[in-house]
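Enquirer: For the sequence shown, this note's numbering gives the first residue as 194, with consecutive numbering after it.
Using N, Cα and C, we set each Cβ at its ideal position, and we do this for glycine too.
Below are the structure tokens for one structure; questions will follow.
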Amino acid sequence: MFKMNFKTLSFFLNSFFVLFFAIIFSGCNYFYSVEEGNNAPDFKIFAFENENYNSKQEVSLSDFSGLPIVINFYYPSCPPCRVEMPDLEYISNEYDGRLEVIGIQQLGIDSVEDGQIFVDQFGLTFLLGPDSDNQIMKKYEIVGFPTTIILDKDHKIFKVWVGYINLDQLIEIIEKVL
194 MFKMNFKTLS
204 FFLNSFFVLF
214 FAIIFSGCNY
224 FYSVEEGNNA
234 PDFKIFAFEN
244 ENYNSKQEVS
254 LSDFSGLPIV
264 INFYYPSCPP
274 CRVEMPDLEY
284 ISNEYDGRLE
294 VIGIQQLGID
304 SVEDGQIFVD
314 QFGLTFLLGP
324 DSDNQIMKKY
334 EIVGFPTTII
344 LDKDHKIFKV
354 WVGYINLDQL
364 IEIIEKVL
């Protein structure tokens, strides 16, 4: 029978963890290739219905050329995402005509139907829509929710913020990009 001493056990455990993390992190790039200063990848979404957008209206990032953009990646059952939504609605109204807000829903945890209910529940009027094939999430290498990305008027990435961002922090960043 094989008897394992502490040194051998330690070697196997360390090897396992190194291999485990190498496999995990080889599949997800921890460092953004979507870095501040780079051009933002263009995308198209089909809007949720609200007072400014028709249901399934196709809208692309390039439709807003010349305007700074706040892109928020979220999903409806995410608690910090829910906390941010009234602030994003405020920003959309306060900076109307000078900046555009876009919400992109990750699908999987919540459905498209959940997304429309969410928009209605919060009375959101800015552009929101589902990332139906998760290609936008991949392009922007989203690893956590919420994630907010602020683009300048040339659609270069000005700031990437992973996690909850409060209204004061968001306004401070927006004022720098206007």
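#1: Enumerate in chain order the residues of its own chain whose CB-to-CB distance from D345 is below 8 Å, with the five nearest sequence positions on each side excluded.
#2: What is the rounded straight-line gap between the Cα of E277 and the Cα of S304?
#3: One question on the structure: do P269 and D307 come within less than 8 Å of each other, judged by their Cβ atoms?
#4: In the DSSP assignment, find the beta strand (DSSP E) that holds Y267 and state where it starts and stops.
#5: So for N286, helix, strand or coil by DSSP?
#6: For the segment 329–341 and the segment 313–321, state whether three or more C-beta atom pairs, one from each stretch, are separated by less than 8 Å.
#7: Pull up the distance between the alpha-carbon of P234 and that of I342, whole angstroms please.
#8: Count the other CB atoms within 10 Å of the CB of L363; is the residue buried (16 or more) or exposed (fewer)?
#9: With H, G and I counted as helix, E and B as strand and the rest as coil, what does DSSP make of I295?
#10: Find out if the Cβ-Cβ distance for the pair N245, H348 is shorter than 8 Å.
Expert: By the coordinates alone:
#1: For D345, where only same-chain residues beyond five positions count, the Cβ hits under 8 Å are P261, F351 and V370.
#2: Looking at the two C-alpha atoms, the distance is approximately 20 Å.
#3: The answer is yes: Cβ separation under 8 Å.
#4: Run containing Y267: I262 to Y267, per the beta strand (DSSP E) assignment.
#5: In the structure shown, the three-state DSSP call for N286 is helix.
#6: For the pair of segments examined, the segment 329–341 was found not to touch the segment 313–321: the number of CB pairs separated by less than 8 Å stays below three.
#7: Cα-Cα distance, rounded: 12 Å.
#8: Buried, since its Cβ has 16 or more Cβ neighbours within 10 Å.
#9: Strand, per DSSP.
#10: It is not a contact, given that the beta carbons lie outside the stated cut-off.
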